[in-house]
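So the protein lines, in turn, are chains H and D.
Quick note: the first sequence uses this note's numbering, first residue 1, plus one each step.
Quick note: the second sequence uses this note's numbering, first residue 157, plus one each step.
Glycine included, every Cβ here is placed at the ideal spot set by N, Cα and C.
Only a predicted model underlies this, so the values are computations on that prediction, with no experimental measurement involved.
Notes follow once the structure below has been shown.
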Amino acid sequence: MPEIYSIQWYEALKDLLNRNPEVEKNSPRGRFHVLAIINGDTQSPYLALGEMRGFVVEFVDGKCLEYAELRSCPPRKGFNFIFEMSASVFEGIAAGLIDLVDAGLKGTIKITGDMRILIRHAELVNVIYDVYAREVETLWPHGKPSSPPQNLSVAG
Amino acid sequence: MVVVKAASSSFNVAVRLAPDASSGLASIVQQYLEQQLAESADRRRRAFRIRGRLGLVATDYSNAVTVEFTGDEISVHDGMHEPLDARIAGTHQALTKLLQGEANPLIEHLRGRIKVTSKLRNLWLPLRVHRLMKLARTDAR
Chain H
1 MPEIYSIQWY
11 EALKDLLNRN
21 PEVEKNSPRG
31 RFHVLAIING
41 DTQSPYLALG
51 EMRGFVVEFV
61 DGKCLEYAEL
71 RSCPPRKGFN
81 FIFEMSASVF
91 EGIAAGLIDL
101 VDAGLKGTIK
111 ITGDMRILIR
121 HAELVNVIYD
131 VYAREVETLW
141 PHGKPSSPPQ
151 NLSVAG
Chain D
157 MVVVKAASSS
167 FNVAVRLAPD
177 ASSGLASIVQ
187 QYLEQQLAES
197 ADRRRRAFRI
207 RGRLGLVATD
217 YSNAVTVEFT
227 GDEISVHDGM
237 HEPLDARIAG
247 THQALTKLLQ
257 GEANPLIEHL
267 RGRIKVTSKL
277 RNLWLPLRVH
287 RLMKLARTDA
297 R
């Protein structure tokens with residue numbers, strides 16, 4: 001079972017995404033680059049306030065070709081979608097405590113990109129949430145979140 | 157705020173997020189409308205002619221926004237920005253199907269899947285806004 005934020009964890013997510021037929025079925029055609037920015041906060045035991053993790057996910061015709069953490073945050077231009085959230089929100093999603101749609105609608109995840117694609121392929125959000133929250137087995141060396149974080153914000 | 161300007165059209169419509177709007181739904185609707193108008197002179201022309209305030213309520217997520225049309229500007233507010241001319245309330249999934257162009261607000265209302273209300277003075281606002289906002293088959297991959 002891989003630790004959260006480890007290379008093995010990203011690889012496990014990539015494999016699960018590629019093995020799930022619903023991902024391919026509900027994904028847009030073509031090449032899509034997604035950037036996720038995770039901002040550290042006071043509630044996360046994994047990412048302290050002031051720290052940041054970024055990872056890039058590349059989809060081509062419904063298949064995940066890349067799921068990798070970045071050493072530094074790249075220029076935002078060139079990404080089809082950018083998801084930005086605090087670490088405790090990301091970990092809450094991975095622990096199945098926070099509903100991805102709810103977080104998106106409330107603004108605890110900041111989403112920028114082509115909303116027409118997002119709306120056209122809205123079912124993909126539910127499929128990806130299932131992979132994160134239910135399918136991937138995550139090891140939480142500093143403890144698994146047991147309740148949703150308080151005072152949620154994107155910046156952490 | 158980004159002003160959507162068409163070289164061949166005088167219908168310039170700015171789509172802005174109200175200063176106090178902080179919800180994700182408001183941001184999504186603002187970006188979506190901006191992108192929809194940016195690529196279609198016909199949509200900009202239709203948006204320019206709409207007046208009124210439409211509330212959109214995602215009943216299962218207790219989340220709502222108001223889209224206000226004033227001619228050369230569309231503002232997206234958090235919550236119900238009274239006085240409203242019309243309101244569409246339904247589950248997140250039902251509202252998404254409207255935007256995807258897979259459902260019609262009148263038919264969905266009659267089937268009880270969403271609730272559409274509008275004032276007599278602006279009776280067709282929900283249908284006009286739906287026609288403006290719904291995805292065309294070629295809008296996105």
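Sub-7 angstroms separation of aspartate 176 of chain D and glycine 208 of chain D beta-carbons: What you label residue 176 of chain D is simply residue 20 of the second sequence in a count that begins at 1. What you label residue 208 of chain D is simply residue 52 of the second sequence in a count that begins at 1. For aspartate 176 of chain D and glycine 208 of chain D, no; Cβs fall outside 7 angstroms.
When DSSP labels each residue in this structure, what does serine 86 of chain H get in the three-state scheme? As a working note, residue 86 of chain H is residue 86 in the first sequence. Strand, per DSSP.
Spatial neighbours of threonine 226 of chain D within its chain, please: CB distance less than 8 angstroms, with the 5 preceding and 5 following residues excluded, ordered by chain position. Indexing the second sequence from 1 puts residue 226 of chain D at position 70. If the five residues before and after threonine 226 of chain D are omitted, its C-beta is found closer than 8 angstroms to the C-beta atoms of Arg207, all from its own chain and listed in chain order.
Can you pull the DSSP bridge partners for leucine 70 of chain H? Here residue 70 of chain H refers to the residue found at position 70 when the first sequence is read from its first residue. Beta-bridge pairing links leucine 70 of chain H to H/Gly54.
Whose C-beta lies closer than 8 angstroms to the C-beta of lysine 25 of chain H among residues of the same chain, with five residues either side of it excluded? Looking up residue 25 of chain H in the first sequence gives position 25. Cβ neighbours of lysine 25 of chain H beyond the five flanking positions: Gly62.
Residue from H/Lys77, H/Ile98, H/Glu11, H/Tyr129 whose Cα sits closest to the Cα of proline 145 of chain H: Taking the first residue of the first sequence as 1, we reach residue 145 of chain H at position 145. Considering only alpha carbons, the answer is H/Ile98.
May I ask you to verify whether the stretch 65-80 of chain H touches the stretch 94-111 of chain H, counting CB pairs closer than 8 angstroms and requiring at least 3? Between the stretch 65-80 of chain H and the stretch 94-111 of chain H there are fewer than three C-beta pairs closer than 8 angstroms, too few to call the two in contact.
Give the straight-line distance between the Cα atoms of proline 282 of chain D and isoleucine 244 of chain D, rounded to the nearest whole angstrom. As a position in the second sequence, residue 282 of chain D is number 126, starting the count at 1. As a position in the second sequence, residue 244 of chain D is number 88, starting the count at 1. Going from the Cα of proline 282 of chain D to the Cα of isoleucine 244 of chain D covers about 7 angstroms.
DSSP on aspartate 15 of chain H, reduced to helix/strand/coil? Start at 1 with the first residue of the first sequence, and residue 15 of chain H comes out as number 15. In the three-state scheme derived from DSSP, where H, G and I count as helix and E and B as strand, aspartate 15 of chain H is classed as helix.
Residues in the same chain with beta-carbon distance under 7 angstroms from isoleucine 270 of chain D, minus the five sequence neighbours each way, listed in chain order, please. Within the second sequence, numbered from 1, the residue matching residue 270 of chain D stands at position 114. The answer, listed in chain order, is Ile244, Ala245, Gly246, Ala250, Pro261, Glu264.
Report buried or exposed for isoleucine 7 of chain H, applying the criterion of at least 16 other Cβ atoms within 10 angstroms of its Cβ. The residue labelled residue 7 of chain H in the question sits at position 7 within the first sequence. With fewer than 16 Cβ atoms within 10 Å of its Cβ, isoleucine 7 of chain H is classed as exposed.
C-beta neighbour in chain D for alanine 122 of chain H, strict 7 angstroms: For the purposes of this step, residue 122 of chain H is identified with residue 122 of the first sequence, where counting begins at 1. Interface residue, yes.
Using alpha carbons as the reference points, say which of H/Ser147, H/Pro141, H/Arg120, H/Leu13 lies closest to alanine 292 of chain D. For this step, residue 292 of chain D is matched to residue 136 along the second sequence. Ranked by how close their Cα comes to the Cα of alanine 292 of chain D, the residues H/Ser147, H/Pro141, H/Arg120, H/Leu13 have H/Arg120 in first place.
Is it a yes or a no for the stretch 71-82 of chain H touching the stretch 178-185 of chain D, going by three-plus beta-carbon pairs under 8 angstroms? Taking 8 angstroms as the limit for Cβ pairs, the verdict is that the stretch 178-185 of chain D does not touch the stretch 71-82 of chain H.
Looking at methionine 236 of chain D: is its Cβ nearer than 7 angstroms to the Cβ of alanine 220 of chain D? Position 80 of the second sequence, counting from 1, holds the residue named residue 236 of chain D. Position 64 of the second sequence, counting from 1, holds the residue named residue 220 of chain D. Against a cut-off of 7 angstroms, the Cβ pair of alanine 220 of chain D and methionine 236 of chain D comes out as a contact.
Taking CB distances under 7 angstroms as the criterion, tell me whether lysine 77 of chain H reaches chain D. As a working mapping, residue 77 of chain H is identified with position 77 in the first sequence. No, its Cβ sits nowhere closer than 7 angstroms to a Cβ of chain D.
Looking at the unbroken beta strand (DSSP E) that takes in alanine 197 of chain D, where does it start and where does it end? Numbered from its first residue, the second sequence carries residue 197 of chain D at position 41. From DSSP, alanine 197 of chain D is part of no beta strand (DSSP E) but of the alpha helix (DSSP H) over 197-205.
Do you know whose CA, among D/Arg267, D/Gly211, D/His233, D/Leu173, lies nearest histidine 286 of chain D's CA? Translated into positions along the second sequence, residue 286 of chain D becomes position 130. Closest option to histidine 286 of chain D, Cα to Cα, is D/Gly211.
List, in chain order, every chain D residue whose beta-carbon is nearer than 7 angstroms to that of lysine 106 of chain H. Along the first sequence, read from residue 1 onward, the residue named residue 106 of chain H stands at position 106. For lysine 106 of chain H, the chain D residues whose Cβ falls inside 7 angstroms of its Cβ are Ser179, Gly180, Asn219, in order along the chain.
Lysine 253 of chain D versus H/Pro21, H/Ala48, H/Glu11, H/Ala122, residue with shortest Cα-Cα distance: Residue numbering aside, residue 253 of chain D sits at position 97 when the second sequence is read from its first letter. Of the residues H/Pro21, H/Ala48, H/Glu11, H/Ala122, the one whose Cα lies closest to the Cα of lysine 253 of chain D is H/Ala122.
Check the C-beta distance from asparagine 18 of chain H over to serine 86 of chain H and give it rounded, since I have them as a contact under 8 angstroms. In the first sequence, residue 18 of chain H corresponds to position 18, counting from 1. In the first sequence, residue 86 of chain H corresponds to position 86, counting from 1. Wrong, their Cβ atoms sit about 28 angstroms apart, outside the cutoff.
Closer than 7 angstroms, Cβ to Cβ, to anything on chain H: give me those residues from the stretch 244-263 of chain D, in chain order. Only those residues of the stretch 244-263 of chain D whose C-beta falls short of 7 angstroms from the nearest C-beta of chain H are listed: His248, Thr252, Leu255, Gln256.
Could you check whether alanine 174 of chain D and glutamate 229 of chain D sit closer than 7 angstroms to each other, using their CB atoms as the reference points? If you number the second sequence from 1, residue 229 of chain D lands on position 73. If you number the second sequence from 1, residue 174 of chain D lands on position 18. With respect to alanine 174 of chain D, glutamate 229 of chain D sits apart: the two C-beta atoms are not nearer than 7 angstroms.
For the alpha helix (DSSP H) that threonine 138 of chain H lies in, which residues bound it at each end? Stepping through the first sequence from its first residue, residue 138 of chain H is reached at position 138. Threonine 138 of chain H -> no alpha helix (DSSP H), and no H or E assigned at all.
Note down the Cα distance separating proline 2 of chain H from arginine 29 of chain H, rounded to an integer number of angstroms. Locating residue 2 of chain H in the first sequence gives position 2, counting from the first residue. Locating residue 29 of chain H in the first sequence gives position 29, counting from the first residue. In this structure, the alpha-carbon of proline 2 of chain H lies about 30 angstroms from that of arginine 29 of chain H.
Pick helix, strand or coil for arginine 116 of chain H, following the three-state DSSP scheme. By 1-based counting over the first sequence, the position of residue 116 of chain H is 116. In this structure, arginine 116 of chain H counts as helix in the three-state DSSP scheme.
Of all Cβ atoms in chain D, is any one closer than 7 angstroms to the Cβ of aspartate 41 of chain H? Numbered from 1 along the first sequence, position 41 holds the residue referred to as residue 41 of chain H. With respect to chain D, the C-beta atom of aspartate 41 of chain H has no partner C-beta closer than 7 angstroms.
Take serine 231 of chain D and list the residues in its own chain whose beta-carbon comes closer than 6 angstroms to its own, dropping the five residues that flank it on each side. In the second sequence, the residue the question calls residue 231 of chain D occupies position 75. Taking C-beta separations shorter than 6 angstroms and ignoring five residues to either side along the sequence, the partners of serine 231 of chain D in its chain run Arg172, Ala174, Glu224, following chain order.
Against chain H: residues of the stretch 207-232 of chain D by CB proximity under 8 angstroms: The residues in question are Ala214, Tyr217, Asn219.
Quick one: which residues of the stretch 260-287 of chain D get their C-beta closer than 9 angstroms to a C-beta of chain H? List them in chain order. Residues passing the 9 angstroms Cβ filter: none.
If the cut is a Cβ gap below 7 angstroms, which residues of chain D does aspartate 102 of chain H touch? Locating residue 102 of chain H in the first sequence gives position 102, counting from the first residue. Within chain D, the residues near aspartate 102 of chain H are Tyr217.
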